[in-house]
Every structure is written in structure tokens, then in C-alpha cells.
Amino acid sequence: MQHRYIPMTKEDKKSMLETVGVNSTEELFADIPQEVRFKGELNIKPAKDEYELKKELTQLAEQNVNLQSHTSFLGAGVYQHYIPSIVDHVISRSEFYTAYTPYQPEISQGELQAIFEFQTMISELTGMEVSNSSMYDGGTALAEAVNLSAGQTRKKKVLVSKAIHPESLEVIHTYAKGPDLEIVEIDVKDGLTDLDQLKAELDEDTASVVIQYPNFLGQVEPLKEVKELISSQKKTMMLVSSNPLALGYLTPPGDFGADIVVGDAQVFGIPAQYGGPHCGYFATTKKLMRKVPGRLVGQTVDEEGRRGFVLTLQAREQHIRRDKATSNICSNQALNALASSVAMSALGKHGVKEMATLNMKKARYAKKLFEEEGFEVVYKGPFFNEFVIKVNQDVRELNQKLISKGFIGGFDLGRVNEEWNQHLLIAVTEIRTKEEIDQFVKELGDING
Amino acid sequence: MANHKDFPVIFELSKEGRVGYSLPDLDVPEVDLDQEFSSDYIRSEAPDLPEVSELQIMRHYTALSKRNHGVDSGFYPLGSCTMKYNPKINEDVARIPGLSQIHPYQDERTVQGALALMYDLQTTLAEITGMHEVTLQPAAGAHGEWTGLMMIRAFHEANGDFNRTKVIVPDSAHGTNPASATVAGFEAVTVKSDDRGLVDLEDLKRVVGDDTAALMLTNPNTLGLFEEHILEMAKIVHDAGGRLYYDGANLNAIMGYARPGDMGFDVVHLNLHKTFTGPHGGGGPGSGPVGVTEELAKYLPKPVLTTDGEQYFFDHDRPHSIGRVKPYYGNFGINVRAYTYIRSMGPDGLKQVSENAVLNANYMMRRLEEEYELPFKQHCKHEFVLSGKKQKKLGVRTLDIAKRLLDFGYHPPTIYFPLNVEEALMVEPTETESKETLDEFIDAMIQISNEAKEDPETVQEAPHTTVISRLDETQAARKPVLRYYKDEE
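Protein chains in written order, with the UniProt record's numbering: chain A, 1 to 449; chain B, 1 to 489.
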């Protein structure tokens, strides 16, 4: 049967076989040994026509509670934000989404320039000199930063705050097995990285210190003090993971002397889509430019002196350096970097701050309401758009009750460690209205009793 | 300084006071945030993002898109990348709110539809590859390679075998193979190809030993040739205690014809953005699921999606797991697209894909071998590699041929890869291209070959029709400018 994605007709096939000089396509597969030839038909579902398939998958999707059907206060690294309509229109231009990596710059100026602009925006937000073209996500970007710091300093010990995203921490452990690094976890005290323990563990063998700003609990880590501590060791690097939206208000890590800043640009224009694809970013100093993982776009000129863009410093990369490459990364998240660029362009210089402060103000309103309702807000320090409240029952069951009221509740911190059982991490973004917050706090209060 | 003939970057369109956004009003009581923070933590200078209107943004990116070539723009025979058509239903399905607007930390009971889809995709990919179990977590092919190698490492270490430090890769392998071996803590060792473009069995026997952790192989290989001696190779490696890793970049050649699991492979990664139509997105995002044999299943990355027959759920209690390789559960949005594609094709459709991909490649190869040197003469699979040697003698390099193809509206083939062919041109037409398209491309290639003989400057100075001519890559690398500066000198 003729399939709509396959244009070869019977007549085409006949004439092509003739040109090749074989009687059937079977002859073209004769070099596959009979012992390994697959006989029969793959045991997978039969094909469906376009209409039926879309109907089936729509019905499947409708089984899922989602961020449109319910009002969400769930964050913990993935956030529901305003996405300008133009974002999806731009990334739906198939000249972008059906293109490969821009290895032929003359016909890829669009992609190359878009990435160059992305690099610029990330540099601006993070306060760093250099940004790459994207990583898989914030977690793997952080793990790559850790491995880079070990290679750069030729040291094996890395101090990692337990207030970073718990799944990033796990990914760091997995990545660290390759170069056999020693990962020392630094405890959390009053919602922040325990600087006393950090100080005690920090020594001349320390390659880097990893901290998240704002941290997983929403609290803003004192980067200035952290940097002062780290400065006691000449070579130790400061690696910071940052929600880039928060940097619309907060002093960027670059201003505190961070060596590498990573994070996820999902907050700019990328839907949650069950955790991926999002868009890791990786920003650093000029000093480390030649050690950066992944692709970099650079500006240059063509034969007529016109400005143009190319992939550059490729001697770092796997397709040139093979086993000596700074990373094995090849595919990245280019299309999502484009989505984030569009969202960042729409927000612009002032919008990014306005959006950040809207998050902060609404989160503070919600926090105050919870306090008035009698909930304990666990950590007292400065925070961005997330805070922790204590409840008197199992969070999983509490959230299930909230679902029936039309809400997706906060993150169950008990998933991370038992000490945090009955602790709920609540995220409030700019799209939550006063009415939604009021009702959420009331419902949660009613359920909590 | 921006040159007046330069295409503007978005920062050059910026004008104080313009906005491109529509944020909600503050509907809660105003608070003075600055009181809460020490001034050290309050950003003193706003990030210099552009101030542009919505239409300006749309026009800017529309203009950029016109300066870009995708599969929808024209033929894209980029070898090893499987630049096939990206079906539009995939895009529609991936955007259904019940799939795009779900949060990874929602209770599993509220996302059973998504988990059912993922589970069915895992099972389907296991069947297509002949593997025992599949994880959807790796974000891309290279990420899958590293994940697979970490599992092989965990397996050897669990056997108390700490001396298996080497991973063997053919000289024709993708660069990611040796790079992934290094990142996983191994040393990459090269095995040579023979004069038929296949792994040299004698050399394999020479390099294999009790320090061999794994052999990484692409089959068909990057020359587009099926490794006929795969069973002997598997035996050599397994007898030495090593494991076999399958780089799935070229799976488009053999779906329904042969399965890596049946060839003796222990670990397989797939590139859903190649074989299964996840769009390449200008470089990503991709998705690189990994399949393993039963022996290796306990080392799969955490968490493992499973079912008790009634509900789907993630199993986090995996004591032998290599750990987590990525936050959350993989590039779900790409997995949805791949799933939609597989369900559009069915088992017979997927086999037809490989059949036609292979016939298209062989047809092009036979027509082009008259003008271009073909180093390996046997039938190819889904791609083939030509050498530009003959043209080089005339002063026309493979790079020039590639640039000249741009004038005809084509994306050129992969060039200078694989490394074991001089002046390589690696052509992969895919099954979604019509005979007419192939013929037009072949005609262009023949014309270029003639130009090399009669009018080499036309080729050497190409491209002539693109928005920009050849770029100075040396300058870009020597004096890197990696971001826009307003006050450029």
C-alpha cells in the first residue's frame, strides 16, 4: 500500500531496480547473514490513518490532568509561565525546525544568528562573558560544569550543596563516575547551604563548589559570602545554577565572580511537556571559552566583508577531537534555545524584570495568606517565587484531594528526604491571579484542617 | 560597527520604551521587594535585552527563517543524519495540552495517559531492536552512548572486573563514540577497516583482550555498508568478555529486516530524531533511548517506567542502577513525535521505509559512480560514500563541490566524513524523497563534475546565489566574538 510519506511508485521502483542492476530489493539486503535476518512481521501496533490516530492520541492526552485543566502551584525546577503567542509561531517555521545543525553557514545564517543572539541574551542575564548554544537541560549542564572544573583544576573533589535541585545532584553523581570524582554533599541549614560545613570541607584539593541561586527551596543563597569563602583557595571554581528569570531582579552570579553559570531557560517560552525537552544553558568566562562543552556560534565576515555567523572553536568538539573532546555532546536543544530567544526578545530589558517581580510579589502575597491561615512557612530568608509550608498530613494524599478541587498542589519535599515529609514547596508565578491564590490557600486550609 | 549592508541582529532594532510582551497586572497588594534584600543582591543594571514590538520580532525571525534551509525547503541528503520528512501530525499531537502542558512532578495517577504512551513506545522500540528493555531517558544519541557505556561499566565492575578500561571503535565511527567512551571513563581504541570498508577481523582480534569493555559499532556502518561478519565479531568480543554496543544512527536501513538484538548486541541506542522523525530543530532537541539485554537491565538509569497491569508508575528502587542520567524522564515531547510516527507507519510501513531508503541510496550511488570515485563497490544500505579524488586532481575540492550544490538549492551531503575516505561525500537520500528529486540532484552533481573539468572557478568560487558568501572561519576562531556588543569597535 502506498503511504503518504513515501513517494516511490511501482513504476519508479521498477526503473530504479533496473538502474541498480538487481531484480528485487531483496538482493540489496543479501549481505545481511540469514542467521540474523528478521523473519515475519514486527509485533507492533498496525498503522492508523491520520484522523483516527489523532483522535486516539487526543483521547489518551485527555486522561492527563494538565496545567490548563487545573490551576497549578507546582514548580520545583519546571515552571508554568506566560508564553507569548509568537514563540510557537516562530519555532513552527519549518525552515528552523526541519534543519540540521548549521554546518553549512551560507544556508544556515538564520539559525546561526538566532543562536548568536541567544548567547548574547544568556550572557546579559547571567553577567558572564561567554555562553554556549545550549545544553540538554539545567541538570546535565551542571554535571558537565562539574567535570569541566575537575579537568581545569586537575583536582578531584567537588563540594555540592544539597540545596540544589535533587535530580541535578543525582545527575552530578552519575557523571562524576566517569572521571572518578569525589562528590561531597553540603547540608542544608535553615533553607540555605550550610556555610560552616562548606568552609570546613573546602581545601586545596577542591576543584569547585556548586550552589544554586535561588536554591531548590526558593531561598536566595548569599553568593557574596560563598565567593569570599571560595576565594581562600586559589584554584577552586564557583559553579552556580540559576533560574534565569530570577536574574531579572537578582544580581547575576557573574557579578559575584562565578566561573560557570548554568541553568534551564525553560522559564522563557518552553512548556513543561512532562519534563522535556527544555533548554540548558552554559555560561562562563573568556578564560574557559576553549573548554566549553557543545557548540559555539561566532561572528565573522564573508568574502565581501558582510557580517556573518559560523560554528566556531570546533577543536573542542567530538566531531573534530573525538576522544580528546571537552564533551561528547552533539545534538543540543537548538529549537528550544530559539523559543527562549523569542520569549526573551518579547520581554526585553524591562519585561524580564517586571515578570520576575510579579512572581515575587504574588509569591509573597500567597506566603502571607498561608501564614494568616495558620500554616508554618518554614524558611524565613529572602526568596524568589517559591517557599515551603508545613502541612499535617501526607503530601501525596493532600495533593490528590486538591486535584478534585481543580488544583495541582506543590512539590512533595518528602520525595527528596524523609526529614521533609509533610513539607510542601509552593511555586507562584505571574500567571496566578489573586482569586486563584485566595481559593488555593482556602482549599488547602480546609483539607489540612 | 554594524555595516549598513549587514543583516541586523535583533539588538540593533531595539528602541527605548518599546515592548513585545503582555504581562498580567499586579492584582495583589504592592510590596517593597528592595526592603527584603541587601542591596548587593538587587540587580543594579538591567540585562541589555532588546526593546522591540511584537511585529518587529515576528519580522525579524521570519527573515531569519528565510536565511535558513530545512527539509521542507529542499533536498537534504546529509549522510548519517537521516534528514527525512518531519510529519506535521507529530507537531500537532505534541502540542495537545494533555501532553505539552503536564508537569513532571504531577502525581503518576494524574498522568496515566502520558505514561501509557511512554510505556508503549518503550515496548515498541524493544521489539524493533530486539532488545529486552528500553529506557527513554537519554536526551540525544551521544547521551545514549554514554548511558549505555556507563551500564557496561557497571556490569563489569559488578563482576569484580575493574581492568576493562578500553572501548574499541572502528576508524569509520562517529566522533561521539570515542568522545562518549572518554566521558564514561574509558580509553578509546581504534580498530581498522579492511579494503571492503568493513571492520578488519584480524585487527579486531589484535585489539580485543581482557581489557576490552566494549566494541561500539554502527551497522550498517558509516560507509553505509552492512558488517557482514557481525556474528563473528560478536563472538570475538563476547569470548574476550566484552560487550557489544550498537550506535543506532543508521537504523533507518534495516527496520523489519534485521534487529541489533539478534546480531548479538548488548546495548543499543536509537536517535528518535533521525529514524523516527523527531525534527532536528536546527541541532536539537533529540531523543536517544537505550535498549539492553536482560543481563544488563538491572543497570538501567533511574527511574524505570513499569506497570503492574493496572497502573503505570516509575520504579525508583533500583539498587544496581547507574543512577540518574537526566532530570525528569527524557525528552518527552520528542518521544511523543516518534510514537506518533511509528503509529502512522505500522510494522509493514517501517519495513517499507527501510526498503525504499536502501533502494534510493543504491539508485543514486549507481548513477553517480560514473562521475565520482566510489571506493567501495558492493550494494550499500541507506547511504553511501563517494570520494572527490578525481575532482581534487582538477583543483576542485570536496568542500567546493558542497558549496556549489548550495547554488542548486540543495543542502550538500556530509563532507570529509568518514575519516577513512579521502575527500569524502556521504549521501543519504532517505525514503521520503521522490525519484524526480533524486534525478535532479544527480544531474546537478554531474554538472558540477563537468564544471570541475571545464570551468573549475565556478565551483571553486561557489556559492554564487546564497545570502552570504564563504565566511572567514579562521578569523572567527582566532578572535572569537561570541556575543553582540553594542559599542563594537
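Glycine included, each C-beta is placed from N, C-alpha and C at the ideal position.
Pairs of beta-carbons, one from the stretch 41-55 of chain B and one from the stretch 69-81 of chain A, closer than 8 Å: are there three or more?
Remark: fewer than three beta-carbon pairs, one from each stretch, lie closer than 8 Å, so the stretch 41-55 of chain B and the stretch 69-81 of chain A are not flagged as touching.
Is there a Cβ of chain B sitting closer than 8 Å to that of A/ARG322, yes or no?
Position 322 of the first sequence, counted from the first residue, corresponds to residue 322 of chain A. Chain B, which has a Cβ nearer than 8 Å to the Cβ of A/ARG322, makes this yes.
What residues from chain A crowd round B/TYR85, counting only those whose CB sits closer than 7 Å?
As a position in the second sequence, residue 85 of chain B is number 85, starting the count at 1. Simply TYR5.
Roughly how many whole angstroms lie between the Cα atoms of A/LYS14 and A/MET1?
Reading the first sequence from its first residue, position 14 is the one you call residue 14 of chain A. Reading the first sequence from its first residue, position 1 is the one you call residue 1 of chain A. So the two alpha carbons sit approximately 16 Å from each other.
How would you call B/MET1, buried or exposed, if buried means at least 16 neighbouring beta carbons within 10 angstroms?
As a first step, residue 1 of chain B is located in the second sequence; it is residue number 1 there, counting from the start. Only weak support exists for where B/MET1 lies, its pLDDT of 44 falling under 50; the value from the coordinates is given anyway. B/MET1 should be labelled exposed.
Do you know offhand how far B/VAL290's Cα is from B/GLU133's?
Looking up residue 290 of chain B in the second sequence gives position 290. Looking up residue 133 of chain B in the second sequence gives position 133. Between B/VAL290 and B/GLU133, the C-alpha separation is close to 8 Å.
Let me know the secondary structure DSSP gives A/SER168 once reduced to three states.
Locating residue 168 of chain A in the first sequence gives position 168, counting from the first residue. Shown here, A/SER168 sits in a helix according to DSSP, grouped into three states.
If you count every other CB in all the chains shown that lies within 10 Å of the CB of A/LYS442, and 16 or more means buried, which is it?
On the first sequence, position 442 is the one that residue 442 of chain A refers to. Counting the other Cβ atoms within 10 Å of the Cβ of A/LYS442 gives fewer than 16, which makes it exposed.
Run through chain D and tell me which residues come within less than 7 Å of B/PRO77, C-beta to C-beta.
The structure shown contains no chain D; the protein chains it does contain are A and B.
Does the stretch 176-190 of chain A come within contact of the stretch 130-138 of chain A, defined as at least 3 CB pairs closer than 8 Å?
Result no; under three Cβ-Cβ pairs closer than 8 Å.
Might you give, ordered along the chain, the residues of its own chain that have their beta carbon closer than 7 Å to the beta carbon of B/ILE446, omitting 5 neighbours on each side?
Translated into the one-based positions of the second sequence, residue 446 of chain B becomes position 446. If we look at B/ILE446 and ignore the five residues flanking it on each side, its Cβ neighbours are GLU371.
Can A/SER331 and B/HIS273 be called in contact, C-beta distance under 8 Å?
If you number the first sequence from 1, residue 331 of chain A lands on position 331. If you number the second sequence from 1, residue 273 of chain B lands on position 273. Taking 8 Å as the Cβ cut-off, A/SER331 and B/HIS273 qualify as a contacting pair.
Give me the DSSP bridge partner(s) of A/ASP264.
Translated into the one-based positions of the first sequence, residue 264 of chain A becomes position 264. DSSP lists A/GLY280 as partners of A/ASP264.
Output yes if chain A places a C-beta closer than 8 Å to the C-beta of residue 493 of chain B; else output no.
The structure shown does not extend to residue 493 of chain B, since chain B spans only 1 to 489, so no value can be given for it.
Taking Cβ-Cβ distances shorter than 9 Å, what residues in chain B pair up with A/PHE411?
Looking up residue 411 of chain A in the first sequence gives position 411. Neighbours of A/PHE411 on chain B, chain order: TYR105.
For B/ALA476, is the classification buried or exposed, using 16 other Cβ atoms within 10 angstroms of its Cβ as the cut-off for buried?
Here residue 476 of chain B refers to the residue found at position 476 when the second sequence is read from its first residue. By the 10 Å Cβ count, B/ALA476 comes out buried.
To be precise: take each residue of the stretch 442-463 of chain B, compare its Cβ to all Cβ atoms of chain A, and keep it if any distance is under 8 Å. Which residues remain?
PRO463
For A/PHE309 and B/PHE37, what's the separation of their Cα atoms in angstroms?
For the purposes of this step, residue 309 of chain A is taken as the residue at position 309 of the first sequence. For the purposes of this step, residue 37 of chain B is taken as the residue at position 37 of the second sequence. Approximately 41 Å, taken between the alpha carbons.
Closest to B/ALA253 by C-alpha separation, out of B/GLU454, B/ALA357 and B/GLU12, would be which residue?
The sequence position of residue 253 of chain B within the second sequence is 253, counting from 1. Minimum Cα distance to B/ALA253 is reached at B/ALA357.
In whole angstroms, what separates the C-alpha of A/PRO253 from that of B/SER39?
Taking the first sequence and counting its residues from 1, the one referred to as residue 253 of chain A is at position 253. Taking the second sequence and counting its residues from 1, the one referred to as residue 39 of chain B is at position 39. Spanning the two alpha carbons is a distance of roughly 14 Å.
Go through its chain and collect everything with a Cβ distance to B/GLU489's Cβ below 6 Å, but skip five positions before and after it.
Residue 489 of chain B sits at position 489 when you count from the first residue of the second sequence. With a pLDDT of 40 at B/GLU489, under the threshold of 50, the modelled position of this residue cannot be trusted, and the question is left open.
So the candidates are A/GLU354, A/ASP49 and A/VAL292; which of them puts its Cα closest to the Cα of A/ILE431?
Here residue 431 of chain A is taken as the residue at index 431 of the first sequence, counted from 1. For the residues A/GLU354, A/ASP49 and A/VAL292, the minimum Cα distance to A/ILE431 belongs to A/GLU354.
Within the same chain, show all residues whose beta-carbon is closer than 7 Å to that of A/GLU95, passing over the 5 residues directly before and after it, in chain order.
In the first sequence, residue 95 of chain A corresponds to position 95, counting from 1. Excluding sequence neighbours, A/GLU95 sits near GLY110.
Cα-Cα, which of A/ALA76, A/SER85, A/VAL65 and A/GLY77 is closest to B/VAL111?
Taking the first residue of the second sequence as 1, we reach residue 111 of chain B at position 111. Comparing Cα-Cα distances from B/VAL111 to each of A/ALA76, A/SER85, A/VAL65 and A/GLY77, the minimum goes to A/VAL65.
Which stretch, first to last residue, makes up the alpha helix (DSSP H) that contains B/SER180?
Sequence index remark: in the second sequence, residue 180 of chain B carries index 180 (1-based). Looking at the DSSP string, the run of the alpha helix (DSSP H) that includes B/SER180 is 176-183.
Contact criterion: CB-CB distance below 8 Å. Does B/GLU489 meet it with respect to chain A?
Against the second sequence, residue 489 of chain B aligns to sequence position 489. The predicted position of B/GLU489 is uncertain, since its pLDDT is 40 and thus under 50; a value taken from the coordinates is nonetheless stated next. No, B/GLU489 does not count as interfacial toward chain A.
Between B/GLY197 and B/PHE376, is the Cβ-Cβ spacing less than 8 Å?
Start at 1 with the first residue of the second sequence, and residue 197 of chain B comes out as number 197. Start at 1 with the first residue of the second sequence, and residue 376 of chain B comes out as number 376. In this structure, B/GLY197 places its C-beta atom within 8 Å of the C-beta atom of B/PHE376.
Helix, strand or coil: which one does DSSP assign to A/GLU144?
Counting from one through the first sequence, the residue named residue 144 of chain A turns up at place 144. If DSSP states are grouped into helix, strand and coil, A/GLU144 belongs with the helices.
What does B/PHE37 touch in chain A if you count any residue whose Cβ is under 7 Å from its own?
For the purposes of this step, residue 37 of chain B is taken as residue 37 along the second sequence, with counting starting at 1. Chain A residues near B/PHE37: PRO382.
Give the secondary structure of A/LYS155 by DSSP, where H, G and I count as helix, E and B as strand, and everything else as coil.
Indexing the first sequence from 1 puts residue 155 of chain A at position 155. Residue state, collapsed to three classes: coil.
Please confirm whether B/ILE89 has its beta-carbon closer than 8 Å to some beta-carbon of chain A.
Start at 1 with the first residue of the second sequence, and residue 89 of chain B comes out as number 89. Yes, because at least one Cβ of chain A sits closer than 8 Å to the Cβ of B/ILE89.
Closer than 7 Å between beta carbons: that is the criterion. Which residues of the stretch 30-57 of chain A meet it against chain B?
ASP31, ILE32, PRO33, GLU35, VAL36, ARG37, PHE38, GLU41, LEU42, ASN43, ILE44, LYS45, PRO46, ALA47, LYS48, GLU50, LEU53, LYS54 and LEU57
Measure from the C-beta of B/GLY309 to each C-beta in chain A and report whether the shortest distance is under 8 Å.
Within the second sequence, the letter at position 309 stands for residue 309 of chain B. By this cut-off, B/GLY309 is not an interface position.
Short check: CB of B/TYR329 to CB of B/PHE155, under 8 Å?
Along the second sequence, read from residue 1 onward, the residue named residue 329 of chain B stands at position 329. Along the second sequence, read from residue 1 onward, the residue named residue 155 of chain B stands at position 155. Taking 8 Å as the Cβ cut-off, B/TYR329 and B/PHE155 do not qualify as a contacting pair.
Please classify B/ASN159 as buried or exposed, where buried requires at least 16 other C-beta atoms within 10 Å of its C-beta.
Mapped onto the second sequence, residue 159 of chain B falls at position 159. Looking at its Cβ environment, which holds fewer than 16 other Cβ atoms inside 10 Å, B/ASN159 is exposed.
Since A/ILE32 sits in a beta bridge, which residues does DSSP pair it with?
On the first sequence, position 32 is the one that residue 32 of chain A refers to. In the DSSP assignment, A/ILE32 forms no beta bridge with any residue.
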